[in-house]
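Numbering (the working numbering), first residue to last: 55 to 209. Where a beta carbon is used, it is the ideal one built from N, C-alpha and C, also for glycine. What follows is a short report on a single structure.
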Amino acid sequence: MKIRTLATIMLTGLVLFLGACSANNAADNTTPPSPEYHQVVATDEDFNGSANITKQIEVKDGDTITIILDSNATTGFSWTEQAVISDADILTQTGHQYIEPQTQDDTPMVAAGGTEEWTFKASQTGTVKVNLSYDRPWEGGEKGVRTFELTIIVK
Numbered sequence: 055m056k057i058r059t060l061a062t063i064m065l066t067g068l069v070l071f072l073g074a075c076s077a078n079n080a081a082d083n084t085t086p087p088s089p090e091y092h093q094v095v096a097t098d099e100d101f102n103g104s105a106n107i108t109k110q111i112e113v114k115d116g117d118t119i120t121i122i123l124d125s126n127a128t129t130g131f132s133w134t135e136q137a138v139i140s141d142a143d144i145l146t147q148t149g150h151q152y153i154e155p156q157t158q159d160d161t162p163m164v165a166a167g168g169t170e171e172w173t174f175k176a177s178q179t180g181t182v183k184v185n186l187s188y189d190r191p192w193e194g195g196e197k198g199v200r201t202f203e204l205t206i207i208v209k
C-alpha cells in the first residue's frame, strides 16, 4: 500500500512538473518578435532605366522602413521632404535627411551627389503606398522628373 501511495505521489509530481515546463515554453512562444529594420534603395542607375520606379515589400507591425534614394542638391533638384502616405494610420514618417558624400578624410565633396533618406514606422496591419517626387521646388521648376512609389504590406 505504501508503494502504491508513493508511486501515485511521484507520478502526480512528475505530471505537475512537466505541465509547468510546457506552460513556461508556451509563454516564451507568445513573446512578440522584436521589430525589424528594412532598407529600400534606388540609385541613379536604377532611374536610368525608368524615371518612375515602383517597389513592394512586406513588413511586420512595429517594423522600421528606410527608403534611400540618390540625390544631387547641386542640380537644384531634390526629393519631396514629406512623403505622400496613403494611410497615416498604417505608416508614419519619422524622419528625413540629406546625406552629402564625404571624402576619405570626412570632408564634404563639392558638386557631388549624395542620398536622401526617409524613415517610417509601421503602426498597424494593412497596405499603404508611399510616394516621393524628384523636383526643382521653386515656382515654375520642373516637377516629377523622377518618381518613386513603395507599396508596403504590413502583416
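C-alpha gap between D189 and E99, whole angstroms: Taking the straight line joining both Cα atoms gives about 18 Å.
CA nearest to the CA of T134, picked from H150, E90, T97 and I119: For the options H150, E90, T97 and I119, the alpha carbon positioned closest to that of T134 is the one of H150.
Start-to-end residues for the alpha helix (DSSP H) that takes in D124: First-last for D124: T118 to S125, but that is the beta strand (DSSP E), not the alpha helix (DSSP H).
Whole-number beta carbon distance between I107 and H92, since they are thought to touch under 8 Å: Contact between H92 and I107 fails: their C-beta atoms lie close to 17 Å from each other, not under 8 Å.
Exposed unless 16 or more other CB atoms sit within 10 angstroms - verdict on T201: Classification for T201: buried.
Extent of the continuous beta strand (DSSP E) run through G103: For G103, no beta strand (DSSP E) run applies; the uninterrupted alpha helix (DSSP H) run containing it begins and ends at D98 to G103, by DSSP.
DSSP three-state assignment for T179, whether helix, strand or coil: T179: coil per DSSP, three-state reduction.
Closest residue to E170 among T179, T205, E154 and W192 (Cα-Cα distance): When only C-alpha atoms are compared, the closest one is E154.
Nonlocal neighbours in the same chain, by C-beta distance under 6 Å from A166, ignoring five residues either side: Within the same chain, Cβ atoms closer than 6 Å to the Cβ of A166 are found at P155, the five residues on either side in sequence being excluded.
Assigned exposure category for D117 - 16 Cβ within 10 Å defines buried: By the neighbour-count rule (16 or more Cβ atoms within 10 Å), D117 is buried.
V182 and S132 closer than 8 Å at C-beta: The answer is no: Cβ separation not under 8 Å.
N-terminal and C-terminal residue of the beta strand (DSSP E) that K109 is part of: It spans N106 to V113 - the beta strand (DSSP E) in which K109 sits, taken as one unbroken run.
Candidates P87, N185 and A127, of which the one nearest D115 by Cα: That would be P87, whose Cα lies nearest to the Cα of D115.
Inside the region 126-154 only - beta strand (DSSP E) runs reaching at least 3 residues: Fully contained in the region 126-154 are the following beta strand (DSSP E) runs of length 3 or more, in chain order: 145-153.
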